[in-house]
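The opening position of the sequence shown corresponds to residue 17 in this note's numbering, with each subsequent residue numbered one higher. Just below is one structure, and these are the notes that go with it.
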Amino acid sequence: MQSLSQGKEQQLKLIEILRPAALQSRVKMCPKKTAEYQVAYNNGAIFPPVLVAKETDKHGNNIYSLIDGWHRITALENNKVPYSTRVNAIVIEVSHNTSIHLLRYMGAQQNLKNGLSLSSADKREMFKSYVKSKSNKDGHKYKSYRVIAAELVLIPHQTIARWMKSDFPTVAAMMSKEFSDEYTGQPIAQGTGIKLVDMPDLSSRDRDIFAAELIAEAKSSMDNSREVIKAWARTLLSDLEREAPYIQPKPLFVPEDNDPF
Numbered sequence: 017m018q019s020l021s022q023g024k025e026q027q028l029k030l031i032e033i034l035r036p037a038a039l040q041s042r043v044k045m046c047p048k049k050t051a052e053y054q055v056a057y058n059n060g061a062i063f064p065p066v067l068v069a070k071e072t073d074k075h076g077n078n079i080y081s082l083i084d085g086w087h088r089i090t091a092l093e094n095n096k097v098p099y100s101t102r103v104n105a106i107v108i109e110v111s112h113n114t115s116i117h118l119l120r121y122m123g124a125q126q127n128l129k130n131g132l133s134l135s136s137a138d139k140r141e142m143f144k145s146y147v148k149s150k151s152n153k154d155g156h157k158y159k160s161y162r163v164i165a166a167e168l169v170l171i172p173h174q175t176i177a178r179w180m181k182s183d184f185p186t187v188a189a190m191m192s193k194e195f196s197d198e199y200t201g202q203p204i205a206q207g208t209g210i211k212l213v214d215m216p217d218l219s220s221r222d223r224d225i226f227a228a229e230l231i232a233e234a235k236s237s238m239d240n241s242r243e244v245i246k247a248w249a250r251t252l253l254s255d256l257e258r259e260a261p262y263i264q265p266k267p268l269f270v271p272e273d274n275d276p277f
């Protein structure tokens with residue numbers, strides 16, 4: 017795939033830009049920021065280009081998926097502009113095999129430059145995408161926590177070490193052999209986010225990311241391993257279909273008015 021610096025700026029129709037939930041790198045979106053952008057657009061403000069991934073399907077059709085610029089695109093839609101409206105975009109070409117985690121990490125990087133400041137939870141998501149896309153390695157060697165902190169910009173190396181131990185213990189163990197002198201620091205508080213109102217539906221994001229990981233694993237596996245993965249997926253689906261829905265139990269009794277208990 018192309019790097020960000022190789023991307024080309026062009027104008028796309030609003031209707032052409034898809035928004036797969038799995039590519040939203042933030043934990044939650046901000047309705048307040050979207051409302052501010054709506055006013056700014058109405059006042060004629062010019063925003064930086066959004067970041068879009070371009071993939072060509074087997075029929076030769078171009079598919080454009082939004083990586084960064086979700087609040088801007090949502091603001092345009094909420095302003096009821098025509099779907100033929102042209103949007104300035106930096107377009108990078110990707111293949112069908114491009115890691116979804118790499119695209120999410122690129123989106124988080126762009127948020128550092130153009131968008132709403134990242135919450136603690138957003139930073140944690142960016143860190144996970146960074147590691148899952150193998151950006152924490154230089155060839156076959158792991159980068160130190162200080163190098164990782166320099167690349168992630170807003171996260172202290174002590175916090176990164178804590179997160180690595182919690183989220184990727186195997187990687188942390190390997191790194192401890194090479195960087196035994198790096199201080200682990202203290203964990204940080206997590207952001208809480210706010211309720212979404214008239215915002216994109218991201219409810220399928222975790223499921224879509226899981227599916228992308230499963231497909232990527234199958235593609236990189238031997239034939240026998242692929243069959244094992246497929247069988248496991250079928251079993252999981254069957255179990256989910258058989259699982260009885262949760263039913264709220266009825267209370268043992270209905271309290272009377274003025275009942276002190």
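Here a beta-carbon is modelled for each residue, glycine too, at the ideal position from N, C-alpha and C.
Could you spell out where the beta strand (DSSP E) holding residue i opens and where it closes?
| i | result |
| --- | --- |
| Tyr-80 | 78-84 |
| Arg-102 | 102-109 |
| Leu-28 | 24-29 |
Between the beta-carbon of residue i and the beta-carbon of residue j, is there less than 7 Å?
| i | j | result |
| --- | --- | --- |
| Leu-39 | Leu-134 | no |
| Val-110 | Ala-69 | yes |
| Tyr-161 | Ile-176 | yes |
| Met-122 | Ile-83 | yes |
| Gln-126 | Leu-168 | no |
| Gln-27 | Asn-104 | yes |
| Ala-124 | Ser-41 | yes |
To the nearest angstrom, how far is the alpha carbon of residue i from that of residue j?
| i | j | result |
| --- | --- | --- |
| Lys-24 | Phe-63 | 17 Å |
| Pro-216 | Ile-89 | 10 Å |
| Asp-138 | Ile-108 | 23 Å |
| Ala-232 | Phe-226 | 10 Å |
| Ala-37 | Glu-194 | 37 Å |
| Ile-204 | Asp-183 | Note on Ile-204: pLDDT 34, under 50, position unreliable in the model; the coordinate value appears next. Using only the alpha carbons, I get a separation of about 14 Å. |
| Asn-95 | Leu-30 | 12 Å |
| Asn-59 | Pro-65 | 18 Å |
| Thr-200 | Thr-101 | For Thr-200, the predicted model reports a pLDDT of 44, less than 50, meaning its position is unreliable; a value from the coordinates is still stated below. C-alpha separation (whole angstroms): 49 Å. |
| Glu-52 | Leu-128 | 18 Å |
| Asp-224 | Asp-255 | 19 Å |
| Ala-249 | Asn-113 | 20 Å |
| Thr-186 | Ser-192 | 10 Å |
| Asp-73 | Leu-252 | 29 Å |
| Leu-230 | Asn-78 | 24 Å |
| His-75 | Gln-174 | 48 Å |
| Gly-155 | Ser-149 | 13 Å |
| Gln-22 | Lys-159 | 25 Å |
| Thr-50 | Lys-246 | 41 Å |
| Thr-208 | Cys-46 | Residue confidence for Thr-208 is low, a pLDDT of 32 falling below 50, so the modelled location carries little weight and cannot support an answer. |
| Tyr-99 | Ala-166 | 40 Å |
| Glu-71 | Val-97 | 26 Å |
| Glu-243 | Ala-188 | 31 Å |
Quick check on this structure: which residue in the options has the alpha carbon closest to the alpha carbon of residue i?
| i | options | result |
| --- | --- | --- |
| Ala-56 | Ile-83, Leu-92, Lys-74 and Gly-85 | Leu-92 |
| Ile-33 | Lys-44, Glu-52 and Trp-86 | Trp-86 |
| Ile-164 | Gln-174, Pro-65, Asn-152 and His-156 | Asn-152 |
| Lys-157 | Met-190, Leu-128 and Tyr-53 | Met-190 |
| Ile-106 | Ser-81, Ser-219, Asp-73 and Asn-58 | Ser-81 |
| Ile-116 | Ala-228, Gln-26, Glu-52 and Ala-247 | Ala-228 |
| Arg-35 | Leu-218, Thr-50 and Pro-98 | Leu-218 |
| Ser-136 | Ala-247, Ser-254, Trp-179 and Leu-230 | Trp-179 |
| Lys-181 | Val-97, Glu-52, Val-147 and Glu-243 | Val-147 |
| Lys-144 | Ala-247, Gln-22, Lys-49 and Val-43 | Val-43 |
DSSP has residue i in a bridge; who is on the other side?
| i | result |
| --- | --- |
| Tyr-158 | Lys-153 |
| Ile-33 | Tyr-80 |
Taking residue i as part of the alpha helix (DSSP H), name the residues at either end of that continuous run.
| i | result |
| --- | --- |
| Ala-69 | Premise fails: Ala-69 lies in the beta strand (DSSP E), 66-72, not in any alpha helix (DSSP H). |
| Thr-175 | 173-183 |
| Ser-136 | 136-148 |
| Asn-58 | 47-58 |
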